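One structure is given below, encoded as structure tokens.
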Amino acid sequence: MNKSFLSVLGGFILLICAQQTQAQTDSLLTTSKAPLINKSGQKTVLDELNEKKNKIKEAFSSKENLKKAALSGVSAGAGLSSPLGDLNTDGLPSDLGLKVLKSRKKNKKTVNKFSRNEYEGIAVTRIANRLGSGDKVTVEEFYVLKAYQAPSVYVRDIHWFDYRAHRILVTPIKDKDYAQILHGPYRRFKGEHLEEEGYYYMGTKHGRWEKYGRDVDGDEGLMDKQSYDKGFPAESEITYYDVAKTKIKEVIPRMHGHYTGLYRSFYEGGQLKEEGNMDDSVRVKLWREYHQFGSGSRTKRDIQYGADKYEAVEGVVLREYDNRGKLIYENKNKGKKEEEQTTERF
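Going by this note's numbering, the first residue of the sequence shown is number 43, and it counts up by one from there.
Next up, the structure:
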């Protein structure tokens, strides 16, 4: 068999292969009457998309499935692996959790004992929540209790994640089935820049919290820092009813050597007795007193003080209620606009 014959035979084979390849390409480009299952029995792209769509519908069809999805990382495009498959991670910092500012100083007296699956001996689950899109995307990386536990009755601001709204809230928890208490490390990024970090303990700020940003010269660095002890400023003066220090009597806020912040006192049974803000040892804005028990409402009196420490005035009773919530006194001549009360009236 001479070389010229082999050359002709090879060219003929190449021509047949080219024709078959073209036919296959034409078949792939044909969209009319496309079968859902091809002759080989393999699933098409359309089948796979429909299956994913059905999984998503199933995941969000009930409270239980919605909760499982959230705890698996399905939180506003979190970019985590989940029962629905790997989610899109476009827009997330490539080294999320590794970027640390050069100016950041580590706290040597750490109060936090954290491992991947637990914090302070309590099981936790990681969540990454993305807000916005593009270069200005905000990413929150945090942990929540794996099983719901009621937070402390002594702390007003409890931080929890609502996985219906994909938001961290500091409002009273009305439906614990949708609430996950923050517990463990927290970090917030703006684009690729770390903005804030700290720890939560049972929904309360705990240990050292730091905020970062740019100064007037455009340099990045530490902008603010605060220290907390399970929801209270670390310097706060706390008194107790019992030797074991389980029943709080009074919390006097103290920050940077000044009595400033939210004051709270409690009955021995744990019910809130009085609360209000202090500005350098001076009572300011609206203060509220409570009955220990009440059938309709526990609010006892609302008392108005000056706007800040420079307007130190004697408190004026605005209104008073009995333990059934009935108004028994109202100041008709208060003469000034009262401050808004941000907490709910019990």
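Ideal Cβ placement from N, Cα and C applies to all residues, glycine included. None of these values were measured; they are calculated from a predicted model.
Query: Assuming the contact rule is C-beta atoms closer than 8 Å, K247 and Y270 should be a hit. Round their C-beta distance to whole Å, please.; Result: 4 Å
Query: My output table needs one value for K342: the three-state DSSP class, helix, strand or coil.; Result: strand
Query: Residues in its own chain within less than 7 Å of M265 by CB, not counting five upstream and five downstream?; Result: K253, Y254 and G255
Query: Would DSSP call N365 helix, strand or coil?; Result: coil
Query: Run through the stretch 282–327 for me and flag every whole beta strand (DSSP E) of 3 or more residues, listed as ranges in chain order.; Result: 290–294, 303–308 and 314–321
Query: From the DSSP secondary-structure annotation, give me the bridge partner or partners of D217.; Result: DSSP, once it has assigned bridges, lists no residue as partnering D217.
Query: Counting C-beta neighbours from all protein chains within 10 Å, is the total for S278 16 or more, i.e. buried, or is it exposed?; Result: buried
Query: Tell me, which residues are paired with K247 by DSSP?; Result: Y242
Query: Near M297, which residues of its chain fall below 7 Å by C-beta distance, leaving aside the five closest residues on each side in sequence?; Result: P275, E277 and G303
Query: Would you decide whether N96 is buried or exposed? Buried here means 16 or more other CB atoms lie within 10 Å of its CB.; Result: exposed
Query: Please check the pair G312 and K289, which I expect to be a contact at CB under 8 Å, by giving their CB distance rounded to whole angstroms.; Result: 7 Å
Query: Would you kindly report the start and end of the unbroken beta strand (DSSP E) that includes R209?; Result: R209 to L211
Query: Provide the residue span of the beta strand (DSSP E) that contains A165, from first to last.; Result: I164 to L173
Query: Quick test of the definition: if touching needs 3 or more C-beta pairs under 8 Å, does the stretch 154–162 touch the stretch 174–183?; Result: no
Query: What is the DSSP secondary structure of L71, counted as helix, strand or coil?; Result: Residue placement at L71 cannot be trusted, given a pLDDT of 40 that sits under 50; what the coordinates show is reported in the next sentence. Of the three classes helix, strand and coil, the one that applies to L71 here is helix, per DSSP.
Query: Does the stretch 218–229 touch the stretch 330–349, meaning 3 or more C-beta pairs lie closer than 8 Å?; Result: no
Query: What is the DSSP secondary structure of D89, counted as helix, strand or coil?; Result: helix
Query: What does the alpha-carbon distance come out to for the pair M320 and Y305?; Result: 7 Å
Query: Which residue marks the beginning of the beta strand (DSSP E) containing V179, and which one marks its end?; Result: No beta strand (DSSP E) contains V179, which DSSP labels as neither H nor E.
Query: Buried or exposed for A221, going by 16 or more other Cβ atoms inside 10 Å?; Result: buried
Query: Taking the beta strand (DSSP E) that Q268 belongs to, which residues open and close that run?; Result: E262 to D271
Query: So is N171 buried or exposed if we call it buried at 16+ other beta carbons inside 10 Å?; Result: buried
Query: Please name the residue in G318, S194, K218 and K327 whose C-alpha comes closest to that of I294.; Result: G318
Query: Once the 5 residues before and after D204 are set aside, which same chain residues still bring their CB inside 7 Å of it?; Result: L211, Y220 and A221
Query: Only counting the same chain, and skipping five residues up and downstream in sequence, which positions put a Cβ closer than 7 Å to that of K188?; Result: A165, V166 and T167
Query: For K253, does the three-state DSSP call read helix, strand or coil?; Result: strand
Query: What span of residues does the beta strand (DSSP E) with F203 cover, start to end?; Result: W202 to D204
Query: Where does K232 sit, in a helix, a strand or coil, going by DSSP?; Result: strand
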